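Peer 1: One structure, pasted below without further comment.
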């Protein structure tokens, strides 16, 4: 048992590190531009092109798709090395992590030819248009419709929780094309031009104050049938490919989120009626439980990486990640605010450590929902890992347009 | 707002107390005989007859049934006063609390004439035969059948969790009389003679080591149709009367169960690496949370009693009682055993305070199940108090003999 | 036994609920979020006209002379409706003047409070992690310098009742906010509806209000009022969640059918009713000047914060994505939860106070 | 990176599981409940013949010389199967001799352990609330008087390794259970399968095993072995519950369809896998003599007890009434849970140890 690279891994790491050292430039230090800012887009495109030219994009993709044809450990190693710096990478996470793999798994050769390389080299930005106000956890309940007339589809409806919609050039969208079929059967996936007439992306303000997502409205938007991905009615099956990729991507603790060390620092500086906070057993137990959750998830990820390094499939234990991380963040933040007594609620910037925890308290409420709620994730663990039967699904076989909620 | 008796309540209390002081005799001190012991039955019968003669049984029952026709506060007051001593009363709790009220609500005048007074005066002991191995939470799923031939029913099947079955003279039993009807519809209630041929009660040993309950086997047991309670097929409706009475009876913390004071005493005598256990914030928070749970339930019961005292119906808040009490007992016991480090598991009798907690740890696992599991009780609170919809019941309208489990 | 509010208090509760249902609630709270006013002046005027600020003030000082029970139900309804008015601050301050004030001090301040001319607020935090047991701000020769932060409803108030370290120990002091050397400014907090302020004293005149014992006694009473406020907020948050669970459909079922949802709603109710029992115990102890006051107040505070934090967090959770949007009302409960948790000493501090009270009773 | 057991350890795990599935499990545990024997002699003989007691013993002392990883997987499988044999005691004692013993001490005891002629057990509790940091039993001039209680697997053992307060502080001592002044007797505990004993020393000869540092070092290793045992017990308890939830029907559905049931099963799995990650970290730290040993061991202990207690309690609960009967196997997990929780210091004590380790690392 060890935590060391194998010889080929070490070699790849050295190569990646050398390239990064030589090319990282101004991203050696934290950058000033925030997500969504125009500068962020410009910098992202430049950096992505640099990586593309050097062969550090699509590391695990087949060479026929413009990828490097390497294993998942190479990708992990490159990302580890890259994350030591502050390069702008988030713009492509959805497109290259979810959309384009769906296109090259289910798209026609023409679509692959047209879109994959441009996405990989960062010229075109992609988003994923699945969730709707009426269809969150129950994604197959979507209502946005696409109606065919000759070779042209017309899309009408609304999507929501779309990351980077306003910065994207294209999106993959799931629409209902046959409401007389049961809900999972009448769906079809398309590629939609986000600059087409009738597409409108509006930022969606979150309760935390930020606006990381969009609502996207589609009014009479035309899509040629050649931009269909997969067969008519196969949209759910195609979407599952995308979602499988999402489940792999979602999970770990957000980088820079406060953890047990934050609490140790904070508690060392606080006096209670019964002595320093750090000496209180309640505080010490909270430090311990936070360590166990956060470090446990890190170690669990290392178990998965070890399997990948051996060329095996990781076990299902990865599925516990998000549900542990999000609730731990919320509980830690709440506990830490309590420790600060009256000032726990003050957000005036005078206590940066506390302010990070307050931010974490707001963000964690969203993290417990995004990418599968705590409840949905527990269902997934119980059903897919432990093999328990699914919830009753009274609407499963009913035509979509005849479903009555029970 | 006050915690005082009204004038009539105070008068009744004084009368009851005077009678008890004059008659309590040897039960002033704790008694030696355990539940189920023959001595216990003999003592119980003598004490019940004494109460009956003095007018302290059936306090809230109509006078026409041999009761006193008084309000619930009179009953509560008498019980409060009686519980200051150690009189043997448990033998009649089920019969007079659940069975006989069902008989006088749904039985024929002949049945009432025959059974009620003998039960009230303690001559005959009753048990309640509802649960089956296959039908616990889902009580309407019972399988024990009763088949009619002329005026005689023949009962075959098995009941379980029957308190005092081996000490009882009669029982009320729910049987399936028409398996072609949906599960709630084909049931009928009977009075069964527990000494009849074919009735066999076997003690059911619990994991805690005790045997407070029985399994009861019915083999070709004959019951005359005159001993039917309610109409054929109305068994579920009749059983609900019984269960409503059960819900009122179940709930509070078992008397003499360890509570926050036990933990305070224990913690005062234990040293940890960081000083006396009682000084540790984790211990103090556990004392606080136990106080909040246990005293909160007591205060909630007082809210209900206050409503009764005003002649009003108590609110639904009583329904939280058992689910709070049972889990609090389990958690307190577990915490206290931990505090004792290595000796937490030792049951050799050298530490009576700890031994009570260990006993509570075993008993609480049963208390979380008996009379409605934590899960069923949460369903009841959510559905009946908060008005949320019920779980899906795919078998609700299916004939019993065609039900397939999903 | 009559362990319940008096008929008068129940009548007051019904009429307050009816008025606030019509005139407050999340929509009114949302209006206050973006305004520059520190409270809703129209609503506050209406509340004064209804006599709520006068309810607890004795008749000799121009009030109605009602009991602590009426203050408790008003606090609960203010919490339920998220009303952006300084009502609970005024109720707590009134209680301080009643418990700790001299006749002269009462005569000076209570008539103005009753009439609605004086808004009074309460401050003990000092912007660090001070506990309610301590105060860095020290009074010498009737003058004080230092900072109290955050103080809910400070902006717009005329009177602040603060804790400070005086010659006899930590106790309450009166600060006339119009006096010399007194500065008030708005301070940002997680709660965007109920605004808090920073009070800076620069050799400002302060006046002792009672003694350290009176402070402790008042603190218990203030905790009971705060517990009722938290109960009201919890109930509103739970009600909104239950209504949503009855309505929202996923996978062909109303989500309230799923035990994952319904058991959480049941837990909200369980925690709420436990807290309500202790708060009611506190209301009785306040009225009866009972020896159980300390333990009832501590238990009410801990239980009500437990109910509120669980309910506010799971309210967002059970609403799913929509609950995390700015437009959803969930955020009001999520943010207010932190405001109430920090306003009068943390749950942990009160749990310790509860055990101290139990220890004292055991020793007695 | 290869953060996983070696192929050898995995092979050992598979064969141990296969053997114990066939030869141990709840039915065998039940047989031991009512017997007078303190362990199942047939099963123990088979285990010795399979070489499990020799696995970790170096070749020079008649063993196979395998690594700590093999001890970890054996402990896990012993826990999973509830095997009524003193295997985990012997593994922990072996580790003590390896870490703290002189060559002479190793030569004296390890060959017998390898061959199965010596059963060794481990005791630190003293029948009061002593923590692993302290010991009332004091050694002077190589002699000790006092009591150690409870000691799992004491009856039938030839060697006990106990903690006692020596001239240098608390450390390990060897006690030859055949020696003069040594008395052993059975003591009742909640665990009816794994029997514990009371060791009474009356001016008995004891022999120092290493020093206080070696004791601390060993304690971490013993905690890691115990964590694997707890993981195994947890997994068995969870598996039984999941199987029941797939089978049992209520209200027309298999109960595993209800989120009230399935989410609890998911929580069992979550806690189990978190604990497994830390235990594996511990197994690595044991093998690598890594500086992270203390924190890995502490985290593994706390996480594994959290997983076990939750799972054991909810195993009874989700089985409903049947789970509370004597005939059900649920009680084995419920009772063993308390045995493992008490055997080597409480979860709270280890949480504190974890934070001390983190503080030391931060200071460094």
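Residue numbers (full-length UniProt numbering), protein chains in the order written: chain G, 1 to 406; chain P, 1 to 406; chain L, 1 to 364; chain Y, 1 to 364.
Backbone N, C-alpha and C fix where the C-beta goes; we use that ideal spot for every residue, glycine too.
Everything numeric in this text was worked out from a predicted model, so none of it was measured.
(1) What distance in whole Å lies between the Cβ atoms of residue 336(P) and residue 367(P), which are believed to be in contact at a cut-off of 8 Å?
(2) Runs of 3 residues minimum, wholly inside the segment 128-214 of chain P: which ones carry the beta strand (DSSP E) assignment?
(3) Using the beta-carbon count (16 or more within 10 Å), is residue 204(Y) buried or exposed?
(4) Name the chain Y residues that come within less than 9 Å of residue 133(P), Cβ to Cβ?
(5) For residue 31(P), which residues in the same chain have their Cβ closer than 6 Å to its Cβ, ignoring the five residues on either side in sequence?
(6) Just curious, the beta strand (DSSP E) that residue 185(L) is in, first and last residue?
(7) Using a Cβ cut-off of 9 Å, pull out every chain L residue sitting near residue 401(P), in sequence order please.
(8) Whose CA, out of 181(G), 159(G), 273(G), 266(G), lies closest to the CA of residue 215(G)?
(9) If contact is defined by three or more beta carbon pairs under 8 Å, each pair taking one atom from either stretch, is the segment 34-52 of chain L in contact with the segment 158-172 of chain L?
(10) Determine, for residue 284(Y), whether the minimum Cβ-Cβ distance to residues of chain G falls below 8 Å.
(11) In chain order, what are the residue ranges of uninterrupted beta strand (DSSP E) at least 3 long that sit wholly in the segment 42-78 of chain G?
(12) Taking only runs that begin and end inside the segment 237-323 of chain G, name each unbroken beta strand (DSSP E) of 3 or more residues, in chain order.
(13) Report buried or exposed for residue 350(P), applying the criterion of at least 16 other Cβ atoms within 10 angstroms of its Cβ.
(14) The beta strand (DSSP E) that contains residue 171(Y), what's its start and end?
(15) Less than 6 Å between C-beta atoms, sequence neighbours within five positions excluded: which residues of the same chain meet that for residue 236(Y)?
(16) Does residue 355(Y) come out as helix, strand or coil in the three-state DSSP assignment?
(17) Can you give the Cα-Cα distance for residue 10(Y) and residue 65(Y), rounded to whole angstroms?
(18) Given that residue 257(L) touches chain P, what residues does it touch there, using C-beta distances under 8 Å?
(19) Quick check on this structure: which residue in 62(Y), 7(Y), 76(Y), 5(Y) has the alpha carbon closest to the alpha carbon of residue 304(Y)?
(20) Check whether the segment 300-317 of chain P and the segment 252-266 of chain L are in contact - that is, three or more C-beta pairs closer than 8 Å.
(21) Report all residues from its chain with a CB closer than 6 Å to the CB of residue 239(P); omit the five preceding and five following residues, and keep chain order.
(22) Is there a C-beta anywhere in chain P that falls below 8 Å from the one on residue 330(Y)?
(23) Whole angstroms are fine: how far does the CA of residue 266(Y) sit from the CA of residue 48(G)?
(24) Are the CB atoms of residue 41(G) and residue 167(G) within a distance shorter than 8 Å?
(25) Applying a beta-carbon distance threshold of less than 8 Å, which residues of chain Y neighbour residue 205(P)?
(26) Identify which residue in 282(P), 244(P), 178(P) has its Cα closest to the Cα of residue 231(P).
(27) Please name the residue, chosen from 244(Y), 6(Y), 228(Y), that lies closest to residue 307(Y) on a Cα-to-Cα basis.
(28) Could you tell me whether the Cβ of residue 2(G) comes closer than 8 Å to any Cβ of chain Y?
(29) Taking contact to mean 3 or more Cβ pairs, one atom from each stretch, closer than 8 Å, check whether the segment 168-180 of chain L and the segment 322-329 of chain G are in contact.
(30) Just how far apart, CA to CA, sit residue 169(P) and residue 3(L)?
(31) So residue 287(L) packs on residue 297(L), CB below 8 Å; how close in whole Å?
(32) Provide the residue(s) that pair with residue 222(G) in DSSP beta bridges, ordered along the chain.
(33) What does residue 164(G) reach in chain L if we use C-beta pairs closer than 9 Å?
(34) Where residue 347(P) and residue 280(L) are concerned, what is the direct C-alpha to C-alpha distance, given to the nearest angstrom?
(35) By the 10 Å Cβ neighbour count, where 16 or more other Cβ atoms means buried, how is residue 103(Y) classified, buried or exposed?
(36) List the endpoints of the continuous alpha helix (DSSP H) containing residue 203(Y).
Peer 2: Let me spell this out:
(1) Actually they do not touch by this definition, with Cβ atoms about 17 Å apart.
(2) You should have 145-149, 152-163, 170-176, 187-193, 199-204.
(3) That one is buried.
(4) In chain order: 321, 322.
(5) 86
(6) 182-187
(7) Neighbourhood of residue 401(P) in chain L, by CB distance below 9 Å: empty, with the nearest CB roughly 27 Å away.
(8) Nearest C-alpha to residue 215(G): 159(G).
(9) Because the criterion of three Cβ pairs below 8 Å is not met, the segment 158-172 of chain L and the segment 34-52 of chain L do not touch.
(10) yes
(11) none
(12) none
(13) exposed
(14) 169-176
(15) 80
(16) Looking at residue 355(Y) - three-state DSSP - the assignment turns out to be helix.
(17) 16 Å
(18) Within 8 Å Cβ-Cβ: 388, 389, 390, 391, 392.
(19) 76(Y)
(20) no
(21) 174
(22) Answer yes: the Cβ-Cβ gap between residue 330(Y) and chain P drops below 8 Å somewhere.
(23) Cα to Cα, the separation comes out at about 40 Å.
(24) yes
(25) 325, 326, 327
(26) Distances from the alpha-carbon of residue 231(P) to those of 282(P), 244(P), 178(P) put 178(P) closest.
(27) 228(Y)
(28) yes
(29) No, because fewer than three Cβ pairs between the segment 168-180 of chain L and the segment 322-329 of chain G fall closer than 8 Å, the two stretches do not touch.
(30) 41 Å
(31) Residue 287(L) to residue 297(L), Cβ: 13 Å. No contact.
(32) 154(G)
(33) Correct list: empty, because the minimum Cβ distance to chain L is about 17 Å.
(34) 41 Å
(35) exposed
(36) Annotation for residue 203(Y): no alpha helix (DSSP H) segment contains it, though the beta strand (DSSP E) segment containing it runs 196-205.
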